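*Asks:*
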Amino acid sequence: MADGPDADEPPSIIYPPLITVSHLPSGTGNAGRQLKEWLQEQFCDKPLEQDDMRLHNAAYVGDLDTLRDLLQEDGFKRRINEKSVWCCGCLPCTPLRIAATAGHAACVAYLIAQGADVDLVDVKGQTALYVAVVNGHLDCVRILLEAGADPNGS
Numbered sequence: 001m002a003d004g005p006d007a008d009e010p011p012s013i014i015y016p017p018l019i020t021v022s023h024l025p026s027g028t029g030n031a032g033r034q035l036k037e038w039l040q041e042q043f044c045d046k047p048l049e050q051d052d053m054r055l056h057n058a059a060y061v062g063d064l065d066t067l068r069d070l071l072q073e074d075g076f077k078r079r080i081n082e083k084s085v086w087c088c089g090c091l092p093c094t095p096l097r098i099a100a101t102a103g104h105a106a107c108v109a110y111l112i113a114q115g116a117d118v119d120l121v122d123v124k125g126q127t128a129l130y131v132a133v134v135n136g137h138l139d140c141v142r143i144l145l146e147a148g149a150d151p152n153g154s
């Protein structure tokens, strides 16, 4: 058994690398408009299931300026709590859950201020607070609790 995995060790989880807008190829123009295509090209094996995932993509990379720009539009404001099969068929997530998972505290605070529901759960029953705790993003945890997130939620 010395050659096999240790039964007491939890399985390792591999997350895609976090990127920032500064990693975008030069000449992309407006990063908010090009972000979806670039992320899809870098990380997705199949097309995104919805046409416009800029809100979710901006939350993933912590692009607060793009979040602000997008949430000026009613169409995006209505989608702030939308659970979308985001990239590569991962769990349906809201922009808030995505930002909390990645530890983008400024984005978490802004999304909440714009009406993001702090207690929405994903298909596994996990909240933004849960994923912030699991990933050790204490700034996000504090912001979510101050916004009224249920500490007893899953």
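The numbering of the sequence shown is UniProt numbering, which starts it at 1 and goes up by one.
Don't be surprised by glycine CBs; every beta carbon is placed ideally from N, CA and C.
Here the structure is a predicted model, which means the values were calculated and not measured.
#1: On a CA-only basis, which of 132, 124, 63 is nearest residue 83? Give me that one, please.
#2: So what does DSSP say about residue 152, is it helix, strand or coil?
#3: Does the contact criterion of 3 or more C-beta pairs under 8 angstroms hold for the stretch 105-121 versus the stretch 54-64?
#4: Kindly indicate the opening and closing residues of the alpha helix (DSSP H) around residue 75.
#5: Please list the terminal residues of the continuous alpha helix (DSSP H) segment that includes residue 56.
#6: I need the boundaries of the alpha helix (DSSP H) containing residue 146, first residue and last residue.
#7: Thinking C-alpha only, which one of 138, 148, 54, 151 is nearest residue 101?
#8: Do residue 174 and residue 119 have their CB atoms nearer than 8 angstroms?
#9: Who are the Cβ neighbours of residue 121 in its own chain at under 6 angstroms, not counting the five residues just before and after it?
#10: Take residue 135 and list the residues in its own chain whose beta-carbon comes closer than 7 angstroms to its own, dropping the five residues that flank it on each side.
#11: Determine the direct distance from the alpha carbon of residue 70 to that of residue 175, and round the result to whole angstroms.
#12: I'd like to know whether the C-beta atoms of residue 81 and residue 66 end up nearer to each other than 8 angstroms.
#13: First and last residue of the alpha helix (DSSP H) that includes residue 131?
#14: Is it right to say residue 78 is buried, meaning 16 or more other beta carbons lie within 10 angstroms of its own, or is it exposed?
#15: Nearest to residue 130 by alpha carbon, out of 68, 149, 54, 73?
*Replies:* Working from what's here:
#1: Measuring from the Cα of residue 83, the nearest candidate turns out to be 124.
#2: coil
#3: yes
#4: 74-77
#5: 54-61
#6: 138-146
#7: 138
#8: Residue 174 is absent from the structure shown; the chain starts at 1 and stops at 154.
#9: 127
#10: The answer, listed in chain order, is 101, 103.
#11: Residue 175 lies beyond the stretch modelled for the chain, which goes from 1 to 154, so this question has no answer here.
#12: no
#13: 128-134
#14: exposed
#15: 149
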